[in-house]
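All residue numbers for the sequence shown refer to my numbering, where the first residue is 1 and numbers rise by one.
First up is the structure itself, then whatever we jot down about it.
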Amino acid sequence: MDLKGKNVIYEGGFGGIGQRCLREFLAKGVKNLVIFDLQENADVLQDLRTSYPEANIFFFAFDITDKNSITAAFEKAVEKIGHFDVLVNGCGMMDDTKVELMIEINLMGLIHSTLTALPYMNKSNGGRGGLIINISSVAGLEPTAVVAVYSAAKHGVTAFTRAMANPHYYNHFGVSFITICPGITETNLVENIHDKVNFKFAEVLGARLDTAERQSPEVCAQNLVKVAETGKNGGVYMLDLGEIKEITFPTMWTPVFKS
Ligand SMILES: NC(=O)c1ccc[n+]([C@@H]2O[C@H](COP(=O)([O-])OP(=O)(O)OC[C@H]3O[C@@H](n4cnc5c(N)ncnc54)[C@H](O)[C@@H]3O)[C@@H](O)[C@H]2O)c1
Numbered sequence: 001m002d003l004k005g006k007n008v009i010y011e012g013g014f015g016g017i018g019q020r021c022l023r024e025f026l027a028k029g030v031k032n033l034v035i036f037d038l039q040e041n042a043d044v045l046q047d048l049r050t051s052y053p054e055a056n057i058f059f060f061a062f063d064i065t066d067k068n069s070i071t072a073a074f075e076k077a078v079e080k081i082g083h084f085d086v087l088v089n090g091c092g093m094m095d096d097t098k099v100e101l102m103i104e105i106n107l108m109g110l111i112h113s114t115l116t117a118l119p120y121m122n123k124s125n126g127g128r129g130g131l132i133i134n135i136s137s138v139a140g141l142e143p144t145a146v147v148a149v150y151s152a153a154k155h156g157v158t159a160f161t162r163a164m165a166n167p168h169y170y171n172h173f174g175v176s177f178i179t180i181c182p183g184i185t186e187t188n189l190v191e192n193i194h195d196k197v198n199f200k201f202a203e204v205l206g207a208r209l210d211t212a213e214r215q216s217p218e219v220c221a222q223n224l225v226k227v228a229e230t231g232k233n234g235g236v237y238m239l240d241l242g243e244i245k246e247i248t249f250p251t252m253w254t255p256v257f258k259s
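This is the structure we're talking about:
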């Protein structure tokens with residue numbers, strides 16, 4: 001999608017990857033940028049407004065674990081900007097000791113956000129269609145033992161997003177779906193992985209992962225926005241160590257119809 005003049009909503013925009021993505025989107029000339037996050041980061045907001053005075057930048061606080069809060073945030077955003085062309089579901093957390101919260105933030109919240117956004121975007125009902133980018137993870141591609149709960153939530157994100165890209169849905173909503181799977185990226189989320197595991201004996205796996213190569217959030221953000229411009233509906237893109245790789249999946253099951 002050509003991002004110039006477009007309206008973008010970015011959830012989790014003040015996070016490590018989010019902040020850099022906001023800059024990349026603004027550098028592409030988006031017209032209205034709405035940030036949803038738990039808390040305002042006044043310094044980042046001020047800096048973005050100073051650096052990109054031609055764009056309108058708004059912030060609305062929301063808690064992705066609360067469905068009413070998601071609904072309210074979209075209502076406020078649409079009241080301000082009228083419509084949006086792109087939604088990025090970029091909230092996340094990683095701490096396998098907090099099972100419910102992991103599923104609520106990484107998976108349920110992302111699903112509720114998507115389902116809340118769709119009626120606004122729905123081409124079959126007066127909307128303009130657009131693009132929804134859901135941030136999964138390499139742990140949403142490859143079962144990742146050390147953070148098995150996080151990995152399960154992110155596999156859910158990958159499956160949900162691929163399913164929503166079904167042509168039947170696309171023809172109805174006019175909304176493309178892209179899954180982004182970053183590799184380990186230098187942000188708070190991956191600090192001290194060994195402290196966020198469920199089994200004492202597995203801390204060594206976490207400590208090992210703590211030493212794995214990481215990419216910078218800037219590089220991850222550049223590639224995410226590149227994919228927003230060039231990616232295709234249903235595409236799953238791994239962004240690892242500065243590279244973009246499109247992932248293809250085998251078809252493992254198709255229903256057998258009676259007639
Ligand atoms: N950093 C990595 O190595 C890595 C790798 C793969 C995928 N990811 C994914 O990328 C995305 C961004 O992660 P990041 O590394 O920038 O992490 P981060 O911790 O820097 O940012 C996470 C963002 O989510 C927001 N958030 C958390 N809980 C929330 C809630 N209840 N309601 C609203 N917002 C909430 C935070 O406020 C923050 O802005 C996440 O989906 C993460 O799972 C990160």
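We put the CB at the ideal spot given by N, CA and C, even for glycine.
Neighbourhood of residue i by C-beta, 8 Å cutoff - its chain only, sequence neighbours within 5 removed
i, result
"Met-93", "Leu-101, Met-102, Ile-105, Asn-106, Leu-189"
"Ile-247", "Leu-141, Cys-181, Val-236, Tyr-237, Met-238"
"Asp-37", "Glu-11, Gly-12, Gly-13, Phe-14, Gly-15, Gly-18, Phe-59, Ala-61, Phe-62, Cys-91"
Proximal residues to residue i (C-beta, below 6 Å), its chain only, five neighbours per side dropped
i, result
"Thr-158", "Ser-136, Gly-140, Thr-179"
"Ile-57", "Leu-33, Leu-48, Arg-49"
"Met-164", "Phe-177"
"Lys-245", "Met-238"
"Lys-80", "Phe-58"
"Ala-207", "His-194"
Coarse secondary structure for residue i, derived from DSSP in three states
i, result
"Glu-75", "helix"
"Met-121", "helix"
"Leu-3", "coil"
"Asn-223", "helix"
"Asp-85", "coil"
"Asp-63", "coil"
"Asp-43", "helix"
"Ser-136", "coil"
"Met-93", "coil"
"Met-252", "coil"
"Ile-184", "coil"
"Glu-54", "coil"
"Asp-240", "strand"
"Leu-131", "strand"
"Asp-210", "coil"
"Asn-233", "coil"
"Lys-245", "strand"
Any chain C beta carbon closer than 8 Å to residue i
i, result
"Tyr-170", "Absence of chain C from the displayed structure is noted, only one protein chain being present."
Proximity test, residue i beta-carbon vs ligand 1 heavy atom, cut-off 7 Å
i, result
"Pro-255", "no"
"Gly-18", "yes"
"Val-225", "no"
"Asn-68", "no"
"Asn-188", "yes"
"Leu-38", "yes"
"Gly-206", "no"
"Phe-135", "First, the amino acid is wrong: residue 135 is Ile here, not Phe. Checking every heavy atom of ligand 1 against the Cβ of Ile-135, one is found closer than 7 Å."
"Phe-173", "no"
"Gly-92", "yes"
"Asp-95", "no"
"Gly-242", "no"
Proximity of residue i and residue j at Cβ, strictly below 8 Å
i, j, result
"Val-225", "Tyr-237", "no"
"Phe-59", "Glu-75", "no"
"Leu-205", "Val-146", "yes"
"Arg-214", "Glu-186", "yes"
"Ala-55", "Leu-26", "yes"
"Leu-110", "Asn-134", "yes"
"Gly-130", "Asp-85", "yes"
"Phe-173", "Lys-123", "yes"
"Asn-233", "Tyr-150", "no"
"Ile-132", "Thr-116", "no"
"Val-175", "Leu-118", "yes"
Cut-off 7 Å between Cβ atoms - residues of its own chain near residue i, not counting five sequence neighbours on either side
i, result
"Val-44", "Phe-14, Gln-19"
"Val-219", "Gly-242"
"Gly-231", "Ile-178, Tyr-237"
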